[in-house]
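Be aware that the sequence shown starts at 13, since it is given in our numbering, and climbs by one per residue.
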Amino acid sequence: MKVLKITSGFVFQEYCTESRKWVSQDFLASDDVQWEDENGEYIDSIQTSYLPFEMVQPQENDDA
13 MKVLKITSGF VFQEYCTESR KWVSQDFLAS DDVQWEDENG EYIDSIQTSY
63 LPFEMVQPQE NDDA
């Protein structure tokens, strides 16, 4: 069975108005975590290994 871990938090994104480019972003996770089964039903937390949050940083040529 597959389960979904949902973590609340905040995303900080930095934009340079001079170069008109996104320069960085970071995710600050909270302790608010919920788990769902494949049907979207809430379940108790499960024992699992740690998986870091890996946000991809903007590339120098990104204009979005």
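Quick reminder that beta carbons are idealized off the backbone N, C-alpha and C, glycines included.
Endpoints, the beta strand (DSSP E) within which residue i is located
i      : result
Ile-18 : 16-28
Ser-42 : 33-48
Sheet register partners of residue i (DSSP bridge)
i      : result
Ile-58 : Answer is none; Ile-58 lacks a bridge partner.
Beta carbon of residue i nearer than 7 Å to that of residue j
i      : j      : result
Met-67 : Phe-24 : no
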